[in-house]
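Numbering (this note's numbering), first residue to last: 6 to 143.
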Amino acid sequence: MFTLTDAPDPRFEDILEAGLTEYNESKTRRRDWRALAVMVRDPATSEVAGGILGRTSLGLFFLDLFYLPEHLRGTGTGSEILRAAEAEATRRGCRAATLVTVNFQAPEFYARHGWEEFGRIESAPAVVRIFMRKTLVV
6 MFTLTDAPDP RFEDILEAGL TEYNESKTRR RDWRALAVMV RDPATSEVAG GILGRTSLGL
66 FFLDLFYLPE HLRGTGTGSE ILRAAEAEAT RRGCRAATLV TVNFQAPEFY ARHGWEEFGR
126 IESAPAVVRI FMRKTLVV
């Protein structure tokens, strides 16, 4: 029996993560999945305004979400927090990183920071998903 939904129970992600963690540990003898977040506070309000959300697992840093509001772009903040996330992933033993961006988002930004494209998928009119990777220095 299964349920198809666009509103899963909040515990659903925890169940999947726990199951995968157990399975991966049984195969690799490693239990190293950890969230990785770099939060940016708006200088004017001190409220969280953006940042990076990802995870590290089995030697790979997954950069899942990266957002900065328009008024913080071009200030060096994005570069600074990307370097911080990569440095923390490296400290955790990650040797590589991966992300997915969209053609109108920030592929050029990532390329300037040493990320390379390794695949593309056209997903809607004028929308291309770009898969990128980076080797991290350990």
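No residue lacks a Cβ here, since even glycine has one placed at the ideal position from N, Cα and C.
Report all residues from its chain with a CB closer than 8 Å to the CB of Ala145; omit the five preceding and five following residues, and keep chain order.
Limits of the chain in this structure are 6 at one end and 143 at the other, which puts residue 145 out of reach.
Residue from Ile126, Ser62, Gly119 and Val142 whose Cα sits closest to the Cα of Ala23
Ser62
Suppose you measure from the CA of Tyr115 to the CA of Glu121; what does that come to, to the nearest Å?
8 Å
Within this structure, are the beta carbons of Leu141 and Phe66 separated by less than 8 Å?
yes
Candidates Ala111, Gly119, Thr80 and Val107: which alpha carbon is nearest Arg125's?
Val107
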